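Novice: Just so you know, we're using our numbering here: the sequence shown kicks off at 35 and counts up by one.
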Amino acid sequence: MNRTFPFFFAAVATVGMLGHANDASAQKDPLDLSGRDTKINPAQNFFEYANGTWLKNAVIPADKTGWGSFYVVRDQALSNMRTILDSCLNLNNPTKGSVAQQVGDLYASALDSNAINAAGISPLWSTLGRIQSIQNTKDLLDFITTQYTKGNRLLFSFSVSPDDKNSNLERARFGQGGLGLPNKNYYLNQDPKSKEIRAAYKKYIEKIFNLAMGTVDTHGKIANDIVNLETELAKASKTPVELRDPQANYHLMAANEINAIAPNLNWNTLLQQLGIHEDTLLIRQPDFYKGVSNLISSTPLHVWKEYLTFHIVNDAARWLSKPFEEANFDFFSKTLSGQQVPEPRWQRASSLVNSVLGDALGQLYVQKYFPPEAKAYMLNLVHNLQKAYAVKIKEASWLSEATKKTALEKLNAFTLKIGYPDKWKDYSSVDIDRNSLVQNLQNIGAWAYQQNIDKLNKPVDKSEWFMTPPTVNAYYNPSFNEIVFPAGILQPPFYFQHGDDAVNYGGIGYVIGHEMTHGFDDQGSQYDKDGNLKNWWTPEDRKKFEAIAQKVVNQYNHYVVLDSVHVNGKLTLGENMADIGGMNIAYAAFKMTKQGKSKKKIDGLTPDQRFFMSAAQVWRIKTRPERLLWRINNDPHSPEIYRVNGPMSDMDTFYKTWNVKPGDGMFRPADERVKIW
Ligand SMILES: [Zn+2]
């Protein structure tokens, strides 16, 4: 998978309704003014002012981890997908391999809970049987690589994607992996909450063994052994913050070099079995592989077999029979994210089709719903933001002329993708039928692996997309130096077809500015206009940039989320820079429009006030505390309130617009306000 920087964390909102903006906006103000809490002073807490009444009244549904803008859009999306999928499902004898047959049959197999419950664990029998027959380290590695080629990612992470330092060359890229909990810190932190989660994880592993093998006393000991092994893998792994440094995670190595560091992985055989015939590899974390190699010789074989058994079942559990599905839900969704009950089966099934056959489902969506006028509006908006960004770069008094010149070259070299890809992925060779969901997913997994490995022999295909068209999100991809806006995000509350510019620049304009700024955040700024990890800054300018970045870290470290839990300023640095830059660029572009230059009020609000209201309402979301905690530990994006109040408290124009004075909640002393672009 390419490294991409999305606007919103994909694990929460992966799909979206395409399309037609609510035409209600033609008559009605697109801003929800009744959602405000006018008793709150906007200069005190703008997020609460803009969304207070809504926040007070909103109830998080039992089957969701939060509620608000993205969640509502996603729910509408799933309903639309359901309409399309139902019509495919009811087709009479569709052509085998056609888009409609494939999405319809996959959907049918995911809905068929009777067949799934009747099958129990049996779809995994042959795989689990192979684990039982492992006799030695060679068998162990054979099993792992064979599973990899079927799309089951065990023990480490591997993919083919462009070389960070040569974006025209595909590389076999190896990284850390193999953990069941979300990241390293979950194994090593000693606070009570982390200990509680580890205890629940052990219970979950034990439960999976009881369900798969029948209840016996020894499963508690097995769960312990597995967590101990994963704890050792965690010790050899990097933290989410350490993973953000592109230079520190770039190691081009010959096969024999990594083999010298991690000999027990037997790289010659490993590579051959994975279908890799290159000698030069991109090893993102050599220390991780060194750790794995040591663990292969120091950990008893039976523990490895138990570890693999657990992961094979765990990876499939969501789509196995009810007891497995429930156990998986109880731990991953309830304990870790606070969700009370699973989403209805049709929602999970629609979401699954979008995630594994997204280009097929996406075609049907786009044919039906994608409005060409949204694309035209976007082209114009992006163009205006690019102009505003260029002015900001030219005016940046802290930058030398030399760095300004290369920054402008990079800005002008952005590739823009809107709506959907020019060419669709072709899944027609994948066998999909209504008999077995697990088999369907294995077939798709094997196909996707082969597609990925085939890239090694081809030039980099820069037309590829890394999100599906119905997705409510956007991303910047540093290797391609591109900004990408799937059709799903071109709708309210981001884009109103008949909305005024203030509302659209505060909404989708903010999203565009955010993605553009990723090209110049702490990570993106290390890549040049051609997508190569290569310094283009003068040393003095880089030093100044890093001093600004440190101010951003300090600002966000200060924000409190739950009781004593703070935002992690280092983990969220890139996203916060993108938010701060994005809002400034969107505002500057808005000021170039006719409405931006006028003072004419709509519904009692000036154009500038409407811009800020819109940006705040895009982030109208309420989140369960468990999910919030999960996000603080994993999500590089700050909680919504700080995606609004953070950037605004750095903008002088915000102070003027809402009359912010020293002592107000939104006030920051002038020298502490972050000014990047
Ligand atoms: Zn982002």
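Quick reminder that beta carbons are idealized off the backbone N, C-alpha and C, glycines included.
Predicted, not measured: the structure shown is a model, and the values here were computed from it.
Among Thr314, Gly100, Leu286 and Asn200, whose alpha-carbon lies nearest the alpha-carbon of Val494?
Specialist: Asn200
Novice: Ser193 to Glu312, Cα distance in whole Å?
Specialist: 13 Å
Novice: Are the CB atoms of Met611 and Val652 within a distance shorter than 8 Å?
Specialist: No, the pair does not count as a contact, with Cβ atoms beyond the cut-off.
Novice: Curious, which full-length alpha helix (DSSP H) runs of at least 4 residues does the stretch 246-282 contain?
Specialist: 253-269
Novice: Out of Gln589, Arg116, Gly86 and Gly102, which one is the CA nearest neighbour of Pro504?
Specialist: Arg116
Novice: Does the distance between the C-beta of Phe41 and the nearest non-hydrogen atom of ligand 1 fall short of 7 Å?
Specialist: yes
Novice: Give me, in chain order, the residues of the same chain whose beta-carbon lies closer than 8 Å to that of Ala92; leave out the 5 immediate sequence neighbours on both sides.
Specialist: Within its own chain, the residues whose Cβ lies closer than 8 Å to the Cβ of Ala92, once the five positions on either side in sequence are excluded, are Trp101, Gly102 and Lys656, listed in chain order.
Novice: So the candidates are Arg654, Gln281, Gln584 and Met617; which of them puts its Cα closest to the Cα of Leu567?
Specialist: Closest option to Leu567, Cα to Cα, is Gln281.
Novice: Taking DSSP as the reference, what is the three-state secondary structure of Asn507?
Specialist: coil
Novice: Please determine, among Leu442, Thr437 and Leu415, the residue with the shortest C-alpha to C-alpha distance to Ala424.
Specialist: A check of alpha carbon separations from Ala424 across Leu442, Thr437 and Leu415 identifies Leu442 as the nearest.
Novice: Less than 7 Å separating the Cβ of His548 from some heavy atom of ligand 1?
Specialist: Distance from the C-beta of His548 to the nearest heavy atom of ligand 1 is below 7 Å.
Novice: From this set, Ser497, Asp460, Lys496 and Thr502, which residue's C-alpha is nearest Gln484's C-alpha?
Specialist: Asp460
Novice: Bridge partners of Trp458, per DSSP?
Specialist: According to DSSP, Trp458 bridges with nothing at all.
Novice: Which of helix, strand or coil does DSSP assign to Asn290?
Specialist: helix
Novice: Starting from the C-beta of Asp556, find all residues in its chain whose C-beta is less than 6 Å away, skip the five residues before and the five after it, and write them out in chain order.
Specialist: Taking Asp556 as the centre and dropping the five residues before and after it, the same chain places the C-beta of Ala583, Leu607 and Gly608 closer than 6 Å to its C-beta, in chain order.
Novice: Pick helix, strand or coil for Asn170, following the three-state DSSP scheme.
Specialist: coil
Novice: Taking just the CA atoms, how far does Gln643 sit from Val708?
Specialist: 21 Å
Novice: Run the proximity test for His285: is its beta-carbon closer than 7 Å to any non-hydrogen atom belonging to ligand 1?
Specialist: no
Novice: State the start and end residues of the unbroken beta strand (DSSP E) segment that holds Leu450.
Specialist: Note, Leu450: beta strand (DSSP E), Thr449 to Gly453.
Novice: Are the CB atoms of Arg164 and Arg318 nearer to each other than 8 Å?
Specialist: No, the pair does not count as a contact, with Cβ atoms beyond the cut-off.
Novice: Please name the residue or residues paired with Thr314 in a DSSP beta bridge.
Specialist: Ala288
Novice: So is Trp353 buried or exposed if we call it buried at 16+ other beta carbons inside 10 Å?
Specialist: buried
Novice: So Gly372 and Thr99 are supposed to be a Cβ contact under 8 Å. How far apart are they, rounded?
Specialist: That pair is a contact at about 6 Å.
Novice: Leaving out the 5 sequence neighbours to the left and right, which residues in its chain are closer than 6 Å to Asn56 when beta-carbon positions are compared?
Specialist: Annotation note: pLDDT 37 at Asn56 (below 50); position unreliable, coordinate value reported separately. Pro526, listed in sequence order.
Novice: So is the beta-carbon of Ala612 under 7 Å away from any non-hydrogen atom of ligand 1?
Specialist: yes
Novice: In this structure, how does DSSP classify His600 when only helix, strand and coil are distinguished?
Specialist: strand
Novice: Check whether the Cβ of Glu516 sits closer than 7 Å to any heavy atom of ligand 1, and report yes or no.
Specialist: no
Novice: Please go through the stretch 613-659 and give each complete alpha helix (DSSP H) segment of 4 or more residues, from N-terminal end onward.
Specialist: 628-631 and 641-652
Novice: So within the stretch 137-218, which uninterrupted beta strand (DSSP E) runs reach at least 3 residues, ignoring any that extend past its ends?
Specialist: 191-197 and 200-209
Novice: Buried or exposed: which applies to Pro659, given that a residue is buried once 16 or more other Cβ atoms fall within 10 Å of its Cβ?
Specialist: exposed
Novice: Check whether the Cβ of His417 lies closer than 7 Å to any heavy atom of ligand 1, and answer yes or no.
Specialist: no
Novice: Measuring only from the beta carbon, is Glu674 closer than 7 Å to any heavy atom that is part of ligand 1?
Specialist: False, no ligand heavy atom lies under 7 Å from that Cβ.
Novice: With a 10 Å radius around its C-beta and 16 neighbouring C-beta atoms as the bar for buried, classify Leu413 as buried or exposed.
Specialist: exposed
Novice: Tell me whether Pro520 sits in a helix, a strand or coil according to DSSP, three-state version.
Specialist: strand
Novice: Helix, strand or coil for Val472? Go by DSSP, reduced to three states.
Specialist: Annotated three-state conformation of Val472 is helix, per DSSP.
Novice: For Ala55, name the three-state secondary structure that DSSP assigns.
Specialist: Summary for Ala55: the model assigns pLDDT 33, below 50, so the residue's position carries little reliability; its value from the coordinates is reported in the next sentence. Looking at Ala55 - three-state DSSP - the assignment turns out to be coil, as it is neither helix nor strand.
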